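Numbering (this note's numbering), first residue to last: 6 to 388.
In this text, a Cβ means the ideal position worked out from N, Cα and C, and glycines have one as well.
Note that the coordinates shown come from a computational prediction; the quantities given were computed from them, not determined experimentally.
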Amino acid sequence: MAFDGSAIRTLLDRAVSNGAIHGISALVVDRDGQRFHHAAGEARPGTMFRNASMTKAVATTAALQLVEQGRFKLDDPIESIVPEFARLQVLDGFDGDRPRLRAPTSKATVRQLMTHSAGLGYFFLNEKLARYHELTGEPHALTGLKASLSVPMVNDPGTTWEYGVNTDWLGLIVERITDSSLGNYLRRHVYEPLGMKDSTFQPTSEQRDRLLRVAQRQPGNTLSASPLDLPPTPEWEAAGHGSYGTIEDYGRFVQAWLNDGQGILKPTTVQMALQDHLGGIKLPEMLKSQMPILSNDVPALPVRQSWGLGFHLTLENLPGMRSAGTADWAGVFNSYYWIDRQKGIGGVLMTQLLPFFDQAVIETLIGFEGAVYQQVGAVVPAA
6 MAFDGSAIRT LLDRAVSNGA IHGISALVVD RDGQRFHHAA GEARPGTMFR
56 NASMTKAVAT TAALQLVEQG RFKLDDPIES IVPEFARLQV LDGFDGDRPR
106 LRAPTSKATV RQLMTHSAGL GYFFLNEKLA RYHELTGEPH ALTGLKASLS
156 VPMVNDPGTT WEYGVNTDWL GLIVERITDS SLGNYLRRHV YEPLGMKDST
206 FQPTSEQRDR LLRVAQRQPG NTLSASPLDL PPTPEWEAAG HGSYGTIEDY
256 GRFVQAWLND GQGILKPTTV QMALQDHLGG IKLPEMLKSQ MPILSNDVPA
306 LPVRQSWGLG FHLTLENLPG MRSAGTADWA GVFNSYYWID RQKGIGGVLM
356 TQLLPFFDQA VIETLIGFEG AVYQQVGAVV PAA
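Here it is as structure tokens:
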């Protein structure tokens with residue numbers, strides 16, 4: 006069936022023409038490949054984007070390949086592979102201005118890294134961690150300093166879903182097991198097999214010339230240059246946020262997951278990964294921002310949802326939109342994707358705009374997804 010993207014094209018062009026977004030790109034894929042792509046404003050075909058947390062799913066795919074090979078098991082303790090993890094303590098609170106630390110009550114596992122339940126947090130979302138960094142001056146994950154991974158846990162492993170540096174530690178596991186940098190491993194085992202020719206942790210000068218600038222939403226709904234960016238020469242290749250690439254590349258990754266992992270994973274691994282792995286742990290109703298310049302508060306949709314291995318999962322049909330079982334996530338620079346294996350369709354929407362969960366981008370994302378399902382046949386509510 007031919008895909009008519011006129012409604013999506015109009016949506017993106019309008020967002021740019023009214024000044025809401027400086028550059029934005031949308032791509033639709035099915036199991037056979039790209040169905041539609043449109044870039045507007047400062048974005049072009051071949052524009053490079055900071056993938057930010059969209060890196061997480063790709064790095065998790067690398068780890069799942071190693072699980073397939075029997076190199077480690079999902080329920081292995083992290084410290085059995087990366088011994089330095091054993092040094093992490095739990096930040097219980099503060100005695101005045103002194104952090105109060107204790108040993109965790111259990112050993113965190115690889116599976117818990119993949120589901121964000123290993124006890125680790127992010128400085129811009131966790132109030133305790135934000136205060137810890139303020140009091141100690143310890144570096145946070147976006148400084149590019151590897152010491153940022155040594156800050157304390159905020160929960161005991163296996164007790165709470167907490168978005169954090171879990172996937173960064175998972176990347177260290179991939180590096181330790183393969184005796185390779187994460188970027189080199191991904192290039193050989195994910196990027197090249199899928200034809201993701203621009204995906205990298207170390208953009209060339211030519212690729213940086215194609216990188217969309219980061220804009221910052223200001224009061225009054227105007228845009229300015231953002232003071233925030235990824236560090237140009239980080240000390241480690243951050244599995245949680247450090248990769249760059251084109252929307253075309255990311256579409257190839259989405260297509261592989263639509264296709265039962267074709268080229269990168271076994272079908273049984275894909276099916277296993279996209280099950281609920283949280284074991285009854287509930288997702289929060291709100292991700293409360295501790296750093297408004299980087300992220301707005303992010304409310305959860307009022308639907309059943311959970312986490313698989315590397316992906317957020319929507320567990321019920323959304324009328325006019327995605328199906329139950331759809332995997333998705335996003336990047337802090339307001340980029341988003343979803344993988345609907347039931348319908349055989351996926352979408353990617355990318356811009357480079359802060360803070361995260363920008364209203365204009367979210368409205369565009371909702372319009373984009375709705376327009377896609379008008380084309381492919383939306384899920385309808387049960388009678």
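Contact between the segment 298 to 312 and the segment 20 to 27 is absent: fewer than 3 CB-CB pairs across the two stretches fall below 8 Å. Sixteen is the threshold: since fewer than 16 other Cβ atoms of the shown chains lie within 10 Å of the Cβ of Glu132, the residue is exposed. Counting along the chain, the unbroken beta strand (DSSP E) around Gly351 starts and ends at Ile350 to Met355. The count of Cβ pairs closer than 8 Å, one atom from the segment 99 to 114 and one from the segment 176 to 196, stays below three, leaving the stretches out of contact. The secondary-structure analysis by DSSP pairs Ala48 with nothing; it has no beta-bridge partner.
The Cβ-Cβ distance between Asn56 and His121 does not fall below 8 Å. Rounded to the nearest angstrom, the Cβ distance from Asp18 to Ala62 is 29 Å, too far for a contact under 8 Å. Annotation for Leu228: no alpha helix (DSSP H) segment contains it, though the beta strand (DSSP E) segment containing it runs Leu228 to Ala230.
Taking 8 Å as the cut-off, the beta carbon of Gln357 is found closer than this to the beta carbon of Leu217. Non-local C-beta neighbours of Ala12 in its own chain, meaning closer than 6 Å and more than five positions away in sequence, comprise Ala376, ordered along the chain.
Taking C-beta atoms as the reference points, Val275 and Leu292 fail to come closer than 8 Å.
Here the alpha carbon of Ala113 sits roughly 13 Å from the alpha carbon of Ile178.
Looking at the DSSP output, Thr114 shares a beta bridge with Pro82.
If you check the CB distance, Gly313 and His282 come in under 8 Å.
Trp241 and Thr52 have their C-alpha atoms spaced approximately 24 Å apart. A contact between stretches requires three or more CB pairs, one per stretch, nearer than 8 Å, and the segment 205 to 225 fails this requirement with the segment 145 to 153.
In the three-state reduction of the DSSP assignment, Ile269 falls in the coil class.
Fully enclosed beta strand (DSSP E) runs of no fewer than 3 residues occupy 220 to 222, 228 to 230 and 249 to 251 of the segment 191 to 266, in order along the chain. A direct Cα-Cα distance of roughly 10 Å separates Phe77 from Gln70. For Arg309, the secondary structure class from DSSP, reduced to helix, strand or coil, is coil.
Assignment of Gln364 by DSSP, reduced to helix, strand and coil, places it in the helix class. Going by beta carbons, Val259 and Ser300 fall outside the 8 Å limit.
One Cα belongs to Ser85, the other to Gly382, and the distance between them is close to 47 Å. In the three-state reduction of the DSSP assignment, Gly330 falls in the coil class. Apart from sequence neighbours up to five positions away, the residues of its chain that approach Gly266 with a beta-carbon distance below 7 Å are Pro272, Thr274 and Val275, ordered along the chain.
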